[in-house]
Amino acid sequence: MLKKLLLKTKSKKKKEAASSALPTLDRLHETLEMLEKKERFLQKKSSAEVEKAKDYTKAKNKNAAIQCLKKKKLYETQIEQLSNFQLRVHDQIIMLENAKATTDTVDALRSGSSAVKAIQQSLSIDDIENAIDDANEQTENMKQIQEALATPFGASAEFDEDELEAELEDLEDEELENELPEPPQGIPVAPSASEAKSSRPMANDFAELTKLQAEMAL
(Lines of atoms letter the chains of each structure in order from A and count residues from 1; the text may use other names and numbers.)
(Lines give C-alpha, C1' and ligand atoms only; values in the text may rest on other atoms or scores of the structure.)
Protein backbone atom coordinates (compact mmCIF):
# COMPACT_ATOMS: atom_id res chain seq x y z
CA MET A 1 0.00 0.00 0.00
CA LEU A 2 2.80 2.38 0.96
CA LYS A 3 4.64 1.56 -2.25
CA LYS A 4 1.58 2.46 -4.34
CA LEU A 5 1.23 5.78 -2.49
CA LEU A 6 4.89 6.59 -3.15
CA LEU A 7 4.49 5.76 -6.83
CA LYS A 8 1.39 7.95 -7.09
CA THR A 9 3.23 10.80 -5.33
CA LYS A 10 6.17 10.54 -7.74
CA SER A 11 3.86 10.42 -10.73
CA LYS A 12 1.99 13.48 -9.46
CA LYS A 13 5.23 15.40 -8.99
CA LYS A 14 6.35 14.49 -12.52
CA LYS A 15 3.08 15.73 -13.97
CA GLU A 16 3.33 18.98 -12.01
CA ALA A 17 6.92 19.48 -13.18
CA ALA A 18 5.93 18.83 -16.79
CA SER A 19 2.98 21.22 -16.57
CA SER A 20 5.20 23.96 -15.10
CA ALA A 21 7.75 23.67 -17.92
CA LEU A 22 5.78 25.80 -20.37
CA PRO A 23 5.26 28.77 -18.01
CA THR A 24 8.93 28.59 -17.03
CA LEU A 25 9.99 28.61 -20.67
CA ASP A 26 7.77 31.60 -21.33
CA ARG A 27 9.31 33.46 -18.41
CA LEU A 28 12.85 32.65 -19.56
CA HIS A 29 12.09 33.90 -23.07
CA GLU A 30 10.63 37.10 -21.64
CA THR A 31 13.75 37.58 -19.49
CA LEU A 32 15.99 37.00 -22.49
CA GLU A 33 14.07 39.56 -24.53
CA MET A 34 14.38 42.09 -21.73
CA LEU A 35 18.15 41.56 -21.46
CA GLU A 36 18.55 41.96 -25.23
CA LYS A 37 16.61 45.23 -25.20
CA LYS A 38 18.70 46.56 -22.31
CA GLU A 39 21.91 45.56 -24.10
CA ARG A 40 20.85 47.42 -27.24
CA PHE A 41 20.03 50.48 -25.13
CA LEU A 42 23.45 50.44 -23.45
CA GLN A 43 25.19 50.02 -26.79
CA LYS A 44 23.47 53.15 -28.04
CA LYS A 45 24.52 55.00 -24.87
CA SER A 46 28.12 53.80 -25.34
CA SER A 47 28.15 54.93 -28.96
CA ALA A 48 26.76 58.30 -27.93
CA GLU A 49 29.58 58.78 -25.39
CA VAL A 50 32.12 58.02 -28.09
CA GLU A 51 30.63 60.72 -30.31
CA LYS A 52 30.70 63.18 -27.41
CA ALA A 53 34.34 62.36 -26.72
CA LYS A 54 35.15 63.10 -30.36
CA ASP A 55 33.38 66.46 -30.15
CA TYR A 56 35.19 67.38 -26.92
CA THR A 57 38.49 66.37 -28.48
CA LYS A 58 37.86 68.69 -31.38
CA ALA A 59 37.01 71.45 -28.91
CA LYS A 60 40.29 70.81 -27.05
CA ASN A 61 38.32 69.86 -23.90
CA LYS A 62 40.40 66.92 -22.80
CA ASN A 63 38.81 66.41 -19.35
CA ALA A 64 35.30 66.22 -20.79
CA ALA A 65 36.44 63.77 -23.45
CA ILE A 66 38.02 61.54 -20.81
CA GLN A 67 34.80 61.58 -18.75
CA CYS A 68 32.88 60.42 -21.83
CA LEU A 69 35.30 57.57 -22.38
CA LYS A 70 34.96 56.53 -18.72
CA LYS A 71 31.16 56.36 -19.14
CA LYS A 72 31.69 54.32 -22.28
CA LYS A 73 33.80 51.84 -20.28
CA LEU A 74 31.06 51.56 -17.65
CA TYR A 75 28.49 50.89 -20.35
CA GLU A 76 30.73 48.27 -21.92
CA THR A 77 31.14 46.56 -18.52
CA GLN A 78 27.36 46.42 -18.12
CA ILE A 79 26.97 45.14 -21.70
CA GLU A 80 29.42 42.36 -20.96
CA GLN A 81 27.47 41.41 -17.84
CA LEU A 82 24.23 41.39 -19.82
CA SER A 83 25.85 39.13 -22.42
CA ASN A 84 26.80 36.68 -19.68
CA PHE A 85 23.26 36.81 -18.29
CA GLN A 86 21.88 36.06 -21.74
CA LEU A 87 24.18 33.06 -22.10
CA ARG A 88 22.94 31.68 -18.79
CA VAL A 89 19.32 32.18 -19.77
CA HIS A 90 19.99 30.54 -23.15
CA ASP A 91 21.55 27.60 -21.35
CA GLN A 92 18.51 27.25 -19.07
CA ILE A 93 16.13 27.43 -22.02
CA ILE A 94 18.00 24.70 -23.88
CA MET A 95 18.15 22.47 -20.82
CA LEU A 96 14.48 22.95 -20.05
CA GLU A 97 13.42 22.37 -23.66
CA ASN A 98 15.47 19.17 -23.77
CA ALA A 99 13.99 18.03 -20.46
CA LYS A 100 10.48 18.74 -21.70
CA ALA A 101 11.15 16.87 -24.97
CA THR A 102 12.45 13.91 -22.97
CA THR A 103 9.43 13.97 -20.67
CA ASP A 104 7.02 14.19 -23.60
CA THR A 105 8.77 11.28 -25.31
CA VAL A 106 8.64 9.13 -22.18
CA ASP A 107 4.97 9.98 -21.66
CA ALA A 108 4.19 9.09 -25.28
CA LEU A 109 6.03 5.77 -24.96
CA ARG A 110 4.27 5.05 -21.68
CA SER A 111 0.89 5.81 -23.25
CA GLY A 112 1.67 3.58 -26.22
CA SER A 113 2.75 0.76 -23.93
CA SER A 114 -0.42 1.12 -21.86
CA ALA A 115 -2.57 1.06 -25.00
CA VAL A 116 -0.86 -2.11 -26.28
CA LYS A 117 -1.21 -3.72 -22.87
CA ALA A 118 -4.93 -2.88 -22.76
CA ILE A 119 -5.43 -4.37 -26.22
CA GLN A 120 -3.56 -7.52 -25.24
CA GLN A 121 -5.65 -7.87 -22.10
CA SER A 122 -8.85 -7.52 -24.11
CA LEU A 123 -7.80 -10.45 -26.32
CA SER A 124 -7.10 -14.08 -25.54
CA ILE A 125 -5.81 -17.08 -27.44
CA ASP A 126 -9.29 -18.61 -27.42
CA ASP A 127 -10.78 -15.45 -28.95
CA ILE A 128 -8.19 -15.43 -31.71
CA GLU A 129 -8.66 -19.14 -32.47
CA ASN A 130 -12.43 -18.72 -32.54
CA ALA A 131 -12.12 -15.77 -34.91
CA ILE A 132 -9.85 -17.78 -37.23
CA ASP A 133 -12.24 -20.76 -37.16
CA ASP A 134 -15.19 -18.50 -37.99
CA ALA A 135 -13.29 -16.94 -40.90
CA ASN A 136 -12.36 -20.38 -42.27
CA GLU A 137 -15.94 -21.59 -41.94
CA GLN A 138 -17.30 -18.55 -43.77
CA THR A 139 -14.72 -19.05 -46.53
CA GLU A 140 -15.71 -22.69 -46.96
CA ASN A 141 -19.42 -21.79 -47.03
CA MET A 142 -18.80 -19.17 -49.70
CA LYS A 143 -16.79 -21.69 -51.76
CA GLN A 144 -19.68 -24.18 -51.62
CA ILE A 145 -22.18 -21.49 -52.64
CA GLN A 146 -20.04 -20.50 -55.64
CA GLU A 147 -19.67 -24.15 -56.71
CA ALA A 148 -23.44 -24.64 -56.45
CA LEU A 149 -24.11 -21.57 -58.56
CA ALA A 150 -21.59 -22.75 -61.19
CA THR A 151 -23.27 -26.19 -61.58
CA PRO A 152 -25.42 -26.34 -64.80
CA PHE A 153 -29.13 -27.02 -64.38
CA GLY A 154 -32.25 -27.27 -66.55
CA ALA A 155 -31.76 -27.56 -70.32
CA SER A 156 -28.05 -26.75 -70.13
CA ALA A 157 -27.46 -29.76 -67.90
CA GLU A 158 -28.73 -32.14 -70.68
CA PHE A 159 -26.23 -31.11 -73.34
CA ASP A 160 -23.89 -33.86 -74.62
CA GLU A 161 -20.36 -32.58 -74.19
CA ASP A 162 -18.89 -35.10 -76.71
CA GLU A 163 -21.39 -34.06 -79.37
CA LEU A 164 -20.57 -30.40 -78.80
CA GLU A 165 -16.86 -31.15 -79.08
CA ALA A 166 -17.37 -32.95 -82.43
CA GLU A 167 -19.45 -30.09 -83.78
CA LEU A 168 -16.77 -27.64 -82.74
CA GLU A 169 -14.11 -29.68 -84.60
CA ASP A 170 -16.22 -29.61 -87.77
CA LEU A 171 -16.52 -25.85 -87.55
CA GLU A 172 -12.77 -25.52 -87.11
CA ASP A 173 -12.09 -27.73 -90.18
CA GLU A 174 -14.49 -25.65 -92.23
CA GLU A 175 -12.83 -22.45 -91.19
CA LEU A 176 -9.41 -23.92 -92.05
CA GLU A 177 -10.57 -24.85 -95.58
CA ASN A 178 -11.94 -21.35 -96.13
CA GLU A 179 -8.63 -19.85 -95.16
CA LEU A 180 -6.62 -21.89 -97.76
CA PRO A 181 -5.59 -19.79 -100.86
CA GLU A 182 -7.38 -20.47 -104.22
CA PRO A 183 -5.19 -21.75 -107.16
CA PRO A 184 -4.23 -19.05 -109.69
CA GLN A 185 -6.18 -18.91 -112.99
CA GLY A 186 -4.56 -20.33 -116.17
CA ILE A 187 -2.74 -23.13 -114.39
CA PRO A 188 -4.32 -26.54 -115.00
CA VAL A 189 -5.43 -28.17 -111.84
CA ALA A 190 -4.56 -31.81 -111.46
CA PRO A 191 -7.67 -33.95 -111.31
CA SER A 192 -8.50 -35.40 -108.04
CA ALA A 193 -8.29 -39.12 -107.44
CA SER A 194 -12.07 -39.52 -107.76
CA GLU A 195 -12.13 -37.70 -111.12
CA ALA A 196 -9.25 -39.86 -112.44
CA LYS A 197 -11.10 -43.03 -111.48
CA SER A 198 -14.32 -41.86 -113.16
CA SER A 199 -12.52 -40.97 -116.46
CA ARG A 200 -10.96 -44.41 -116.95
CA PRO A 201 -14.22 -46.27 -117.89
CA MET A 202 -15.08 -43.61 -120.48
CA ALA A 203 -11.69 -44.00 -122.23
CA ASN A 204 -12.16 -47.77 -122.42
CA ASP A 205 -15.65 -47.39 -123.98
CA PHE A 206 -14.32 -45.01 -126.65
CA ALA A 207 -11.56 -47.44 -127.62
CA GLU A 208 -14.03 -50.36 -128.03
CA LEU A 209 -16.35 -48.19 -130.16
CA THR A 210 -13.50 -47.27 -132.52
CA LYS A 211 -12.49 -50.93 -132.91
CA LEU A 212 -16.08 -51.97 -133.74
CA GLN A 213 -16.40 -49.34 -136.49
CA ALA A 214 -13.19 -50.55 -138.12
CA GLU A 215 -14.44 -54.16 -138.23
CA MET A 216 -17.74 -53.11 -139.81
CA ALA A 217 -15.94 -51.18 -142.54
CA LEU A 218 -14.13 -54.35 -143.53
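Count along the sequence shown from 1, add 3, and you get the number used in my numbering.
For glycine and all other residues, C-beta sits at the position ideal for the given N, C-alpha and C.
Checklist entry - Short check: CB of Lys-74 to CB of Ala-24, under 7 angstroms? => result Your numbering for residue 74 matches position 71 in the sequence shown. Your numbering for residue 24 matches position 21 in the sequence shown. Result no, Cβ atoms of Lys-74 and Ala-24 do not sit closer than 7 angstroms.
Next on the checklist: In whole angstroms, give me the CA-to-CA distance for Glu-143 and Asp-130.
Outcome noted: In the sequence shown, the residue the question calls residue 143 occupies position 140. In the sequence shown, the residue the question calls residue 130 occupies position 127. The straight-line gap from Cα to Cα measures roughly 20 angstroms.
Checklist entry - Measuring CA to CA, which of Ile-69, Glu-42 and Gln-124 is closest to Tyr-78? => result Position 75 of the sequence shown, counting from 1, holds the residue named residue 78. In this structure, Glu-42 is the residue among Ile-69, Glu-42 and Gln-124 with its C-alpha nearest to the C-alpha of Tyr-78.
Checklist entry - Can you list, in chain order, the residues of its chain whose CB lies under 6 angstroms from that of Ile-96, leaving out five sequence neighbours each side? => result Position 93 of the sequence shown, counting from 1, holds the residue named residue 96. Answer for Ile-96: Leu-31, listed in chain order.
Checklist entry - Can you tell me the Cα-Cα spacing of Ala-199 and Ala-153, whole angstroms? => result Residue 199 sits at position 196 when you count from the first residue of the sequence shown. Residue 153 sits at position 150 when you count from the first residue of the sequence shown. Low confidence applies here, because Ala-199 scores a pLDDT of 49, under 50, leaving its location unreliable and the question unanswered by this model.
Checklist entry - For Ser-127, does the three-state DSSP call read helix, strand or coil? => result Locating residue 127 in the sequence shown gives position 124, where the first residue counts as 1. Here Ser-127 sits in coil by DSSP.
Checklist entry - Is it true that the segment 77 to 94 meets the segment 42 to 54, where meeting means three or more beta-carbon pairs spaced less than 8 angstroms apart? => result Per the Cβ contact rule, the segment 77 to 94 is in contact with the segment 42 to 54 (3 or more Cβ pairs under 8 angstroms).
Next on the checklist: Please report the distance separating the alpha-carbon of Glu-132 from that of Ala-111.
Outcome noted: Start at 1 with the first residue of the sequence shown, and residue 132 comes out as number 129. Start at 1 with the first residue of the sequence shown, and residue 111 comes out as number 108. Roughly 32 angstroms separates the two Cα atoms.
Item to check | Nearest residue (CA-CA) to Glu-39, options Asp-58, Ser-50, Glu-140 and Gln-84 | outcome: In the sequence shown, the residue the question calls residue 39 occupies position 36. That would be Gln-84, whose Cα lies nearest to the Cα of Glu-39.
Next on the checklist: So for Asn-139, helix, strand or coil by DSSP?
Outcome noted: Stepping through the sequence shown from its first residue, residue 139 is reached at position 136. Helix.
Next on the checklist: Using only CA atoms, which one of Asn-181, Val-53 and Pro-26 lies nearest to Glu-100?
Outcome noted: Position 97 of the sequence shown holds residue 100. Distances from the CA of Glu-100 to each of Asn-181, Val-53 and Pro-26 were compared; the closest alpha carbon is that of Pro-26.
Checklist entry - When the Cα atoms are used, what is the spatial distance from Gln-149 to Asn-181? => result In the sequence shown, the residue the question calls residue 149 occupies position 146. In the sequence shown, the residue the question calls residue 181 occupies position 178. Approximately 41 angstroms between the Cα atoms of the pair.
Checklist entry - What residue range is occupied by the uninterrupted alpha helix (DSSP H) comprising Ala-62? => result By 1-based counting over the sequence shown, the position of residue 62 is 59. Segment: none, Ala-62 is in no alpha helix (DSSP H) and carries neither H nor E.
Item to check | Cα-Cα separation, Glu-33 to Asn-64 | outcome: Numbered from 1 along the sequence shown, position 30 holds the residue referred to as residue 33. Numbered from 1 along the sequence shown, position 61 holds the residue referred to as residue 64. When rounded, the separation of the alpha-carbon atoms in Glu-33 and Asn-64 is 43 angstroms.
Item to check | Contacts around Ala-67, its chain only, beta-carbon distance under 7 angstroms, and the 5 residues preceding and following it disregarded | outcome: Looking up residue 67 in the sequence shown gives position 64. Within the same chain, Ala-67 has close Cβ partners Tyr-59.
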